[in-house]
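Peer 1: Residue numbers (the working numbering), protein chains in the order written: chain G, 5 to 219; chain B, 67 to 436.
Heads up, the beta-carbon is just placed ideally off N, CA and C, and yes, glycines get one too.
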Amino acid sequence: MAEELKYEWNFAFRLDHWVRVSAIAILVFTGFYIHWPFFGGGPDSFLMAWMRFFHFVSAYALVLGLIVRAYLAFNSAFDRDWKDFGIFRNLRDLPDIIGYYLFIKGTHKDYRKYNPLQAFAYLFIGLLIIFTAFTGAAIYNGKAFGVLNTAESFMWVNTLLGGESYTRIWHFLSMWVIIIFVGVHVYMSILQTAVGKDRTFTSILTGYKLKKKTP
Amino acid sequence: MEKKDGVGKQFLEALEFQGIKRRDFLKFCGATAAFLGLSDLYIPKIARAIEKASKRQPVVWLNFASDSGCTESLIKATYPNAAEIVLDILSVDYNETIMAAAGKQAEEILEKSKKDGGYILIIEGGIPTKKGHGMISGKEMIDILKDFSGPAVAILAVGSCATFGGVPSAKPNPSEIVGVTEALKRVGVNKPVINLDLCPVNVEYLIGVVVNYLLLGKLPELDSFGRPKMFYGQCIHDNCERRAHFDAGRFVEQFGSNEEALGYCLYKMGCKGPMTYSACPKILYNDRISWCIKAGAPFIGCAEHGWPDKFAGFYERLPDVKIPGIAGVEATADKIGAIAGVATAAGIAVHAIATAASGRAKGEKKGGEE
Ligand code: SF4
């Protein structure tokens with residue numbers, strides 16, 4: 005069986021991916037600090053102020069990164085992959101892929117770019133990022149994008165969740181879900197690389213995956 | 067003789083008789099102008115408005131389910147006793163806690179005020195909605211409220227109990243206590259209520275709203291919780307005197323510590339300043355002497371809707387999470403996160419071992435074809 009390199013991610017997809025990765029990394033670290041400042045600042049430091057600054061800047065980066073990803077899905081010159089996220093099609097194929105991952109089945113169908121489990125996970129994480137952004141805005145006292153007075157505009161989020169301290173908890177817990185997602189996501193790509201021997205793991209850096217050529 | 071500021075001599079004499087000097091009175095008017103955001107050109111106008119009001123603006127102050135802390139805060143104001151000045155000259159027709167009359171006599175005064183109407187109605191305390199749980203001389207509190215809200219020109223709910231129920235409405239709330247706005251809604255009275263949250267109310271807010279009404283003849287602009295924007299528009303945390311310590315990452319970790327003596331930020335001691343909107347850091351309490359954070363206590367969030375139930379314990383950063391369905395199980399957000407994290411790690415490990423055992427990785431059974 006011959007194999008060939010397939011260009012899976014163009015530069016835009018890769019860049020967008022890594023912007024979101026760095027944003028999430030900074031958000032999680034600074035978020036933990038803001039939640040519970042685990043080390044103190046020196047006499048002339050602005051430690052908390054900087055933590056918050058980077059938290060908010062990365063929040064913008066993450067939200068914009070998500071918007072860019074959604075745009076690419078519909079209007080990329082390289083690969084408009086929004087159809088891969090079709091809910092009904094993926095629901096139909098869910099048993100196939102779950103069966104495979106639970107060792108019930110030996111193989112699974114050939115999926116174009118994302119298998120159903122992946123598609124759902126990415127859709128979910130996108131929504132979760134939106135949720136985290138909204139809860140974040142609701143507990144932020146400033147002007148989002150320089151125009152939107154967050155304390156007033158997102159008051160309804162607090163009302164919905166039962167008060168600002170609850171919004172904080174939701175914001176905090178959704179961070180944990182994102183952390184778990186990252187863990188599983190990285191594991192899955194290592195797993196795929198080991199099992200499929202298709203360079204999935206490095207493809208998000210190089211852009212290339214190894215594909216079997218159908219004779 | 068008419069003074070330059072236009073306040074009548076007779077009125078000043080009346081004040082003098084109560085031990086209030088003209089100078090103190092004008093100082094009070096100046097302070098009021100300042101926190102209403104008016105220029106000092108308004109000081110004589112404020113003085114005149116109060117003088118005029120002294121002849122005609124009656125106030126009825128009703129106490130319902132509360133500990134009278136707001137009244138206490140009002141009468142414990144010391145010199146020059148701004149609060150008492152205004153409330154005296156405003157002719158507070160009725161206030162159970164501080165009035166001299168009692169029993170039948172008091173009830174008569176109350177009835178007369180109701181007949182005359184046109185008073186500013188100040189409510190202190192929550193309203194029990196369960197029958198028989200809150201009664202004054204044989205009448206349900208909610209009915210008394212209903213009777214008096216009609217002839218009032220303005221209704222002020224002062225203190226957290228009156229605004230949204232506050233402490234008396236905390237779980238389990240056996241008397242089903244609600245705030246004034248909610249109670250009026252239940253008895254079908256549709257009248258705007260000015261909510262002056264805080265436990266107890268800051269007397270200067272109360273005076274500010276009353277003077278604002280006397281001066282301009284209208285109620286102040288309110289936010290979505292019915293609180294005057296001029297007092298509840300800014301976050302405590304943004305005006306806090308300890309904010310520099312917060313930004314620098316210097317926190318009190320323990321009471322009685324050196325950090326506490328140095329006046330570090332109380333964030334880790336459960337301060338709710340970052341989620342509370344009120345002008346406390348600027349206007350302060352007790353004749354602008356101090357407020358909770360200045361006194362060394364973390365802010366507990368009493369200016370907010372849903373306090374205290376929806377806020378964490380006074381000394382905790384965040385409330386515990388109730389896990390629905392499992393009664394009595396509560397966990398902190400940190401614990402939930404840690405457990406979920408460990409569970410995920412375990413899941414990944416098990417799956418990785420299974421993959422190795424199944425021989426998939428060695429390519430014996432070809433799996434994924436992505
Ligand atoms: S003491 Fe409270 S309100 Fe003041 S800076 Fe610290 S967290 Fe903010």
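(1) Throw me the rounded Cβ distance for the G/I143 and G/T171 pair, which I believe falls under 8 angstroms.
(2) When we look at the beta-carbon of B/E138 and count the other beta-carbons within 10 Å, is it buried (16 or more) or exposed?
(3) Could you check whether the Cβ of G/L51 sits closer than 6 angstroms to any heavy atom belonging to ligand 1?
(4) Once you ignore the five residues that flank G/L214 on each side, which residues in its own chain have a CB closer than 8 angstroms to its CB?
(5) Less than 6 angstroms separating the Cβ of B/R252 from some heavy atom of ligand 1?
(6) Residues in the same chain with beta-carbon distance under 6 angstroms from B/P266, minus the five sequence neighbours each way, listed in chain order, please.
(7) With DSSP run on the structure shown, which of helix, strand or coil describes B/M67?
(8) What does the Cβ neighbour count give for B/G450, buried or exposed, with the cut at 16 atoms within 10 Å?
(9) Measuring alpha carbon to alpha carbon, tell me which of B/P374, B/L384, B/C346, B/E162 ends up nearest G/L177.
(10) From the beta carbon of G/G103, is the nearest beta carbon of chain D less than 7 angstroms away?
(11) Verify whether the separation of the beta carbon atoms of B/W373 and B/G379 is less than 7 angstroms.
(12) Quick check on the burial criterion: 16 or more other C-beta atoms within 10 angstroms. Buried or exposed for G/L131?
(13) When every heavy atom of ligand 1 is checked, does at least one fall within less than 6 angstroms of the C-beta of B/G379?
(14) Determine, for G/P41, whether the minimum Cβ-Cβ distance to residues of chain B falls below 7 angstroms.
(15) Give the range of the beta strand (DSSP E) segment to which G/N94 is assigned.
(16) Tell me the rounded alpha-carbon separation between B/N161 and G/I28.
(17) Could you check the C-alpha separation between B/T229 and B/C346 for me, to the nearest Å?
(18) Using a 10 Å radius around the Cβ and a threshold of 16 neighbouring Cβ atoms, would you call G/R233 buried or exposed?
(19) Strictly below 8 angstroms CB to CB, what residues from chain B border G/Y170?
(20) Between G/I182, G/D20, G/Y104, G/H175, which lies nearest to G/A74 when the distance is taken from Cα to Cα?
(21) Which residue's Cα is closest to the Cα of B/N256: B/P217, B/G231, B/E287, B/A236?
(22) Can you list the residues of chain B that G/G44 reaches, using a CB-CB cut of under 8 angstroms?
(23) Over what stretch of residues does the alpha helix (DSSP H) that includes G/Y212 continue unbroken?
(24) Below 7 angstroms between beta carbons: does that hold for B/D159 and B/S179?
(25) Which residue marks the beginning of the beta strand (DSSP E) containing B/I302, and which one marks its end?
(26) Answer yes or no: does any C-beta atom of chain G fall closer than 7 angstroms to that of B/R309?
(27) B/P146 by DSSP, collapsed to three states: which one?
(28) Which value, in whole angstroms, describes the spacing of the CA atoms of B/G433 and G/K216?
(29) Ordered along the chain, which non-local residues of its own chain (more than five positions away) have a Cβ less than 6 angstroms from that of B/E370?
(30) Between G/Y144 and chain B, is the shortest Cβ-Cβ distance under 7 angstroms, so that the two count as touching?
(31) Going along the chain, which residues put their C-beta within less than 6 angstroms of some heavy atom in ligand 1?
(32) Just checking, does the stretch 52-68 of chain G make contact with the stretch 31-40 of chain G on the three C-beta pairs under 8 angstroms criterion?
(33) On the CB-based measure, 16 or more other CB atoms within 10 Å of its CB, does B/S105 come out buried or exposed?
(34) State the DSSP-derived secondary structure class of G/F57, mapped to helix, strand or coil.
(35) Please identify the residue among B/Q123, B/G198, B/N268, B/G184 whose C-alpha is closest to the C-alpha of B/E190.
(36) At 9 angstroms on the CB atoms, spell out the chain B contacts of G/Y126, in chain order.
Peer 2: Reading off the structure:
(1) 5 angstroms
(2) exposed
(3) no
(4) E7, E8, L9, K10, K201, D202, R203
(5) no
(6) G135, C136, S139, G225
(7) Here the model assigns B/M67 a pLDDT of 41, short of 50, so the residue's position is not dependable, and the following value carries that caveat. Of the three classes helix, strand and coil, the one that applies to B/M67 here is coil, per DSSP.
(8) Look at the range of chain B in this structure, 67 to 436, and you will see that residue 450 of chain B is not part of it.
(9) B/L384
(10) Among the protein chains of the structure shown, namely G and B, there is no chain D.
(11) no
(12) exposed
(13) no
(14) yes
(15) Note, G/N94: premise wrong, no beta strand (DSSP E); alpha helix (DSSP H) at 91-105.
(16) 58 angstroms
(17) 17 angstroms
(18) Lying before the first or after the last residue shown, residue 233 of chain G is absent from chain G, which here runs from 5 to 219.
(19) K376, P385
(20) G/D20
(21) B/P217
(22) G315, R316, F317
(23) Run containing G/Y212: none in the alpha helix (DSSP H); it sits in the beta strand (DSSP E), 212-216.
(24) yes
(25) No beta strand (DSSP E) holds B/I302; the alpha helix (DSSP H) holding it covers 302-305.
(26) no
(27) Because the pLDDT at B/P146 is just 46, under 50, the model does not fix this residue reliably, and the point stays unresolved.
(28) For B/G433, the predicted model reports a pLDDT of 42, less than 50, meaning its position is unreliable; a value from the coordinates is still stated below. Each residue's Cα considered, the two are about 13 angstroms apart.
(29) T342
(30) no
(31) B/I302, B/H303, B/C306, B/R308, B/R309, B/F312, B/C331, B/L332, B/Y333, B/C337, B/G339, B/P340, B/I359, B/F365
(32) yes
(33) exposed
(34) helix
(35) B/N268
(36) By Cβ distance, chain B contributes nothing, its closest Cβ being about 14 angstroms from G/Y126, past 9 angstroms.
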